[in-house]
Structure formats: C-alpha cells, structure tokens
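Protein chains in written order, with our numbering: chain Z, 643 to 849; chain P, 171 to 320. For every residue, glycine included, the Cβ atom is placed at its ideal position computed from N, Cα and C. One structure is given below, encoded as structure tokens.
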C-alpha cells in the first residue's frame, strides 16, 4: 500500500507547487471571463479566490448583516456567471462586481424597516478607557457605530474608497455621481466621522 | 477630475480631507505631486499625520470572514446543472444555520460538520471547494487520487 500513497503525495505536492509557486502566472481577468463563459470551472474558482472575500466584506459593511451580505455576494457572482458569455474585455471585474453588489445592497436597505446595525453595540465607558489599555473590539464597535450614523451617501463613499480602496473614478461610476461629488461626500463623511468619534471617545483621536 | 500634475497646499488639504493620508487612495493623476509636497513641506507632513490618525481608527473596524459554504455555493452557481444535488444540500445547511442563529454557539459547529460531511460525500462529483488558493490545490489532489484508482 505504501507505493500508491507515495505516488499520491508526489502528485499532490506537484499540484501545490503549481498552484502556489512564484512561477504561477496571473491570468488576465478578461481571459478568465471568456473561459468561464466556456464552462471552465478552474477559471471560475480563480475569480472567486480573487473577489469573493472583498465583495462579501463590502456587502457586510453596507448591510451590517453577515447572512444578508453572503446572499448579496452570491447573487452578485451569479449575475457575473450569467454575464460571462458577453463580457467586454476592457471592463474591470472588480468595479463591475462592486457596482452590482452596491445596487443589490441598496435594494435591501430600502426594503428594511429596522436600523442597519441590528445588534446593540457597547459604547466604551470613557471613565474605564482613561488610563487603561483600549480593548480592540470596543474601538472597532465605536468606529462602526459612528460610521452607521453617517448620512447614507457619505457612508457609501467611504466604504467604496477607504475600505474597498476603489479609485475615485470607479467609486463615482458606482454611485452614479461625478468625481467632484465623490470627493465632497468623502470630505463631509470624514469630517462627520471625526466629530462623532470625538463625541463618543475623545481619547481615540489623540496619540 | 482635476488632471493637474502640480498640487499646491490648498489642493493637498482637499486630498487629505477626502481620501485620507494613504497615497494608494489618492487620485492617481495627483498622487506623485501630492507625495512630493508631503516630503518637502513640514506643514504638509503634519497635516498628513493628522489625517492618518483618523485613517488608523477607521482601519480598526473588523473584517468578517466568509463562511465555508459560500465559496462552494458560488462555484456551483457557475455550473448549476452539474452540482444540483450537492447544491441543494449546501443551501439547506446555510438556511438552517440562519434559522438557528440564536443558538449559533452550539449549532454552528454542528452545521459546519454536516456541511463538511456533505461536501465530502459530494467530492466524487467534482471536487471539494473552499475559499482561497487551497481550492485549486485540493481539487488537483483529488484529481490525482482519481488517476490513482483508475
């Protein structure tokens, strides 16, 4: 029995080297989309590896609900697969995915009646924080709470540019506004965020 | 978009106010000029550091991990006819995981085990899938196993 197991290990190690070695070439995404259109499962898998995590994270930040975010991410990719056969080579998959996910999130937000953040977030007791080590989760929750209170468009601009690190042109295309409008949304959003954080936790903005 | 190559202090402040302190988020056409200003002007550098404080706070927001079944479900969407039975199992597990969400501390590992069992049973249909590069590795290994048993 030893020989077949040795052969399996050698084949598996070869597969690992091929998939993760420094020589593994990065296939252009236009080529991957063409392959997906032809039923290439490996091409689909590569696109999932590259984009699923980011799109899910973006949807989660938009909706504040992990389950809904995954639904949006899945629907977004379903639409990508359906679009594969007529994909324009010069289009950017990342921007396309963000646009679709953004629109799906907006639809869900409009249908909601409750606030985006369903779970109660603990706001750190300033007296407790003074002179003590700040708990990372408390800081994270405080920033999330402050973000959630921003006007919707400002918050969306910040999510796209700061968290998803899309360029201003891409963000403008997704939001359906000019680049100047994106800058205005970002500047007002960051200013409001700073003011809210200063009110919640003035210690956080000092060094 | 402003296509100018030169960035004065007023424009630099606008860039910081909108995009923060990290050059990777700055408008591409102005990035080099803005960075040059920050490196030659102590006032600009101080303003950049102030913007960086807010950036650091914003970056503290946690990142949520993707559940293991999601990548599998998304991949199966690319080939719906081929994976229909296994897809139904994964959809059931993901639906149940939300229904028992209040009991997540107890049920989540149980459902993860069920999902893993289902994926393992379905491996012969065309490979187990996970998020990340490991998906390629594992499927190739399973393909290698298939070569062995033929």
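Under 8 Å between C-beta atoms of residue 239/P and residue 263/P = Pairing residue 239/P with residue 263/P gives a Cβ-Cβ distance under 8 Å.
task = Quick one: using the 10 Å Cβ neighbour count with 16 as the cut-off for buried, is residue 716/Z buried or exposed?
result = buried
query = Apart from the five residues on each side of it in sequence, which residues of its chain come closer than 6 Å, Cβ to Cβ, to residue 679/Z?
reply = 726, 727
task = Assess, as a yes-or-no matter, whether the region 813-833 of chain Z is touched by the region 793-805 of chain Z under the definition of 3 or more beta carbon pairs within less than 8 Å.
result = Judged by Cβ distances under 8 Å, the region 793-805 of chain Z makes contact with the region 813-833 of chain Z, as three or more pairs qualify.
The region 819-835 of chain Z / the region 188-197 of chain P touching (three or more Cβ pairs under 8 Å) = yes
inquiry  = Classify residue 210/P: buried if its beta carbon has 16 or more other beta carbons within 10 angstroms, exposed otherwise.
reply    = exposed
message = I need the DSSP call for residue 810/Z, collapsed to helix, strand or coil.
response = helix
task = Below 8 Å on the Cβ atoms is my guess for residue 718/Z versus residue 734/Z; work out the distance and round it to an integer in Å.
result = Between residue 734/Z and residue 718/Z the Cβ distance is about 14 Å, and since that is not below 8 Å, they are no contact.
query = Do residue 183/P and residue 217/P have their CB atoms nearer than 8 Å?
reply = yes
inquiry  = Can you list, in chain order, the residues of its chain with a C-beta nearer than 7 Å to that of residue 696/Z? Leave out the 5 residues immediately preceding and following it.
reply    = 806
Where the alpha helix (DSSP H) through residue 193/P begins and ends = Segment: none, residue 193/P is in no alpha helix (DSSP H) and carries neither H nor E.
request  = Tell me whether residue 791/Z sits in a helix, a strand or coil according to DSSP, three-state version.
outcome  = coil
query = Name the chain P residues whose beta carbon is nearer than 9 Å to that of residue 712/Z?
reply = Annotation: Cβ neighbours of residue 712/Z in chain P (cutoff 9 Å, chain order): 236, 237, 239, 240, 243, 264.
task = Return the first residue and the last residue of the alpha helix (DSSP H) that residue 671/Z is part of.
result = 671-679
query = Is residue 722/Z helix, strand or coil when you go by DSSP?
reply = Note: residue 722/Z maps to helix in three-state DSSP.
ask   = In chain order, what residues of the same chain lie with their CB nearer than 6 Å to the CB of residue 224/P, ignoring the 5 residues before and after it?
value = none
request  = Give the DSSP-derived three-state secondary structure of residue 212/P in the structure shown.
outcome  = Looking at residue 212/P - three-state DSSP - the assignment turns out to be helix.
ask   = So residue 751/Z is in the alpha helix (DSSP H); what residue range does that whole segment cover?
value = 735-753
query = Quick one: what's got a C-beta closer than 7 Å to residue 811/Z's C-beta in the same chain, skipping five residues either side?
reply = Around residue 811/Z: 821.
message = Suppose you measure from the CA of residue 785/Z to the CA of residue 199/P; what does that come to, to the nearest Å?
response = 31 Å
request  = Might you give, ordered along the chain, the residues of its own chain that have their beta carbon closer than 7 Å to the beta carbon of residue 742/Z, omitting 5 neighbours on each side?
outcome  = 718, 721
key: Chain-ordered neighbours of residue 690/Z on chain P, where CB pairs are closer than 7 Å   = Within 7 Å Cβ-Cβ: 241, 244, 245.
Reference residue 823/Z, options 795/Z, 671/Z, 675/Z, closest by Cα = 795/Z
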